[in-house]
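Asker: Quick note: to get my numbering, add 838 to the position in the sequence shown (first position is 1).
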Amino acid sequence: MMMKIMNNKNIILCGFMGSGKTTVGRILSSMMGRKFVDLDDYIETQQQTTIENIFKEYGEPHFRHLETAAAEELSKKSNLIIAAGGGTLTIQKNVATFKATGVVVMLDTPLTVIKERLKEDTTRPLLQKPNRNAVIDQLYQNRLFAYKSAADIIVPAGASAHEVANLLMHKFSI
Ligand code: S3P
């Protein structure tokens, strides 16, 4: 039986870029028979453009505005599995919005794994800088506390996405 707290509540996956939110979310959604929504994809579909382009054309503050609005829209629904963006749950307003109708799960992925996954990334606007490793170190350090404080559940997420999804299924069923 699913943990009672999960009844109809959205499940929001948070964590750093490259922590596995989207991959784990997709697997978990098929395991649980729930609809999956990736917050960045939702914004891209709504705005008919890429996140990259939104940052380039209108800047990060505008993206954050769209992100907050998207979080508010999705929080009105139930039974969703939502992969947040890496910055979403570092903003207190979004934490409150998501927690009103959902359970926040942090994917606690080791920094070494994150760096390896993000090494070749060409699409994330915050990483398109020459000193990528230093940028990741700094952002990670600034954000870790926020993710952990926002989370109702923290899962170690250095293993494969399937293993992490299994671990979550187990947590939800006790
Ligand atoms: C961001 C993470 C991205 C995306 C945007 C900003 C961040 O999402 O929302 O590029 O601030 O960490 P992912 O974590 O899915 O890459």
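Heads up, the beta-carbon is just placed ideally off N, CA and C, and yes, glycines get one too.
Fair warning: this is a prediction, and the values are worked out from it, not measured in the lab.
Select from G923, N848 and G924 the residue whose C-alpha is nearest the C-alpha of G793.
Answerer: Look at the range of the chain in this structure, 839 to 1012, and you will see that residue 793 is not part of it.
Asker: Is any heavy atom in ligand 1 found nearer than 6 Å to the beta carbon of M944?
Answerer: no
Asker: Throw me the rounded Cβ distance for the E910 and T935 pair, which I believe falls under 8 Å.
Answerer: E910 to T935, Cβ: 6 Å. Contact.
Asker: Give a yes or no on contact between the region 950-959 and the region 852-870, applying the rule of three or more CB pairs nearer than 8 Å.
Answerer: yes
Asker: The alpha helix (DSSP H) that contains A934, what's its start and end?
Answerer: Q930 to T939
Asker: With DSSP as the reference, please indicate the residues paired to C873 in a beta bridge.
Answerer: With the sequence shown as reference, residue 873 is identified as Lys, and Cys is not the correct amino acid for it. K873 pairs with L918.
Asker: Within 10 Å of its beta-carbon, does S867 have 16 or more other beta-carbons around it, so buried, or fewer, so exposed?
Answerer: buried
Asker: What's the call for M839, buried or exposed, on a 16-neighbour Cβ count within 10 Å?
Answerer: Its pLDDT being 47, under 50, M839 is placed unreliably by the model, and nothing is read from it.
Asker: Pick out whichever of M1007, T947, Q976 and A988 has its Cα sitting closest to the Cα of A995.
Answerer: T947
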